[in-house]
Each structure stands twice: as structure tokens, then as C-alpha cells.
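Worksheet for the structure shown next.
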Amino acid sequence: MARDPWAYRDVAVESFIDPRSGALKIRPMAGQAYATSMRVQCARTLRDPDLYPAGTRFLVRAKLTDRQGGAPYLYAHHGDAVKVLAGRELASFLDEYRRRRI
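Just so you know, we're using the UniProt record's numbering here: the sequence shown kicks off at 1 and counts up by one.
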């Protein structure tokens, strides 16, 4: 089955250390349409602390989905390009995101 490119949107995400497991996880950044508590399924390399320390911010193409009626989560295909966002790039993306929503 082919992927629907219209379902995917640019989403700013960040890595963080899960207090319960101590593992590095990914969550959406605040200021977007997604809750920061929402789970993000993405490539394992983004969760590798040797490559990207906790607090690294990324721009990914993701879609909102669920698995047979489960809790909704964001899915980013593991083969898609990922961009590491610096401070100004992140602020610019979030500002543009807010302007598009009005």
C-alpha cells in the first residue's frame, strides 16, 4: 500500500529523557496542534543519545494515526529526511505555523 503524501505534515519534535524508564524519547514541541504528551513513533536513530543528546529538536514529516482504536500518536516514516533545528530555525518554524493557523 502506498503512503498518502497529503496525510503527512511538518512537525517540530524534541528528544527528552523519560523519567520513568530513563530512556530517550521523542515528543511534539509546544505551540503546535499536538499535545506534548503525545507519543511519536520515528526512526531509532533520533533516540540514540550518542548521535543526538537529550533536548535535540528535529523537523519531521509526520501524520496523526492510531492503531485499531488505540490512543492517537504521531508517525514519522523511518526513511524520511529529518532536519535538526537550531534555535532560530525552530522559532521561525513555530512562528510560521502560528501564522498559517489564523
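We put the beta carbon where it would ideally sit given N, CA and C, even for glycine.
Proximal residues to residue i (C-beta, below 6 Å), its chain only, five neighbours per side dropped
i          : result
residue 66 : 72
residue 14 : 29 and 57
residue 7  : 63
residue 95 : none
Euclidean distance between Cα positions of residue i and residue j
i          : j          : result
residue 40 : residue 92 : 22 Å
residue 19 : residue 82 : 25 Å
residue 55 : residue 88 : 15 Å
residue 9  : residue 52 : 23 Å
residue 70 : residue 35 : 16 Å
Residue interval of the beta strand (DSSP E) (run including residue i)
i          : result
residue 24 : 24 to 28
residue 65 : 57 to 65
Whole-angstrom C-beta distance between residue j and residue i, which should lie under 8 Å
i          : j          : result
residue 33 : residue 90 : Their Cβ separation, rounded to whole angstroms, is 16 Å, which puts residue 33 and residue 90 out of contact at 8 Å.
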